[in-house]
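As structure tokens, the structure follows; a few thoughts come after it.
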Amino acid sequence: MEEVRRASDIVEVIKEYVPLKRAGKDYKALCPFHGEKTPSFQVSPSKQIFKCFGCGKGGNVFSFVMTTERL
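Going from the sequence shown to our numbering is simple: count from 1 and add 129.
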């Protein structure tokens, strides 16, 4: 499982669900988990994690897909 996680780039996976915009070394977007007008959803390619500073959801590529797909 760890090997699969390392092989899955979080930016490539999340951009299939959410339009990401570069913000320095990270990416920002409108959170797919709650309604908002100002982007508070952040993706860190260096750490391979995401975090929404609006609703508090965060995690790795697996938790993003599981939450988005309701698995």
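Ideal Cβ positions, reconstructed from N, Cα and C, are used throughout, including at glycine. On a predicted model such as this, the values are computed, not experimentally measured, just so you know.
In the DSSP assignment, find the unbroken beta strand (DSSP E) run with Val194 in it and report its ends.
To locate residue 194, count along the sequence shown from 1; it is residue 65. Note, Val194: premise wrong, no beta strand (DSSP E); alpha helix (DSSP H) at Val190 to Thr197.
Whole angstroms is fine: what's the gap from Ser175's alpha carbon to Glu145's?
As a working mapping, residue 175 is identified with position 46 in the sequence shown. As a working mapping, residue 145 is identified with position 16 in the sequence shown. In a straight line, the C-alpha of Ser175 is about 19 Å away from that of Glu145.
Hey, quick one: how far does the beta strand (DSSP E) through Val147 stretch, first residue to last?
To locate residue 147, count along the sequence shown from 1; it is residue 18. Following the DSSP letters along the chain, one finds Val147 in no beta strand (DSSP E), marked with neither H nor E.
Would you check if the distance between the CB atom of Val172 and the CB atom of Val194 is smaller than 8 Å?
Taking the sequence shown and counting its residues from 1, one reaches residue 172 at position 43. Taking the sequence shown and counting its residues from 1, one reaches residue 194 at position 65. No.
From Ala158, Ser192 and Gln177, pick the residue whose C-alpha is nearest to that of Asp138; which is it?
As a first step, residue 138 must be located in the sequence shown, where it is residue number 9. Measuring from the Cα of Asp138, the nearest candidate turns out to be Gln177.
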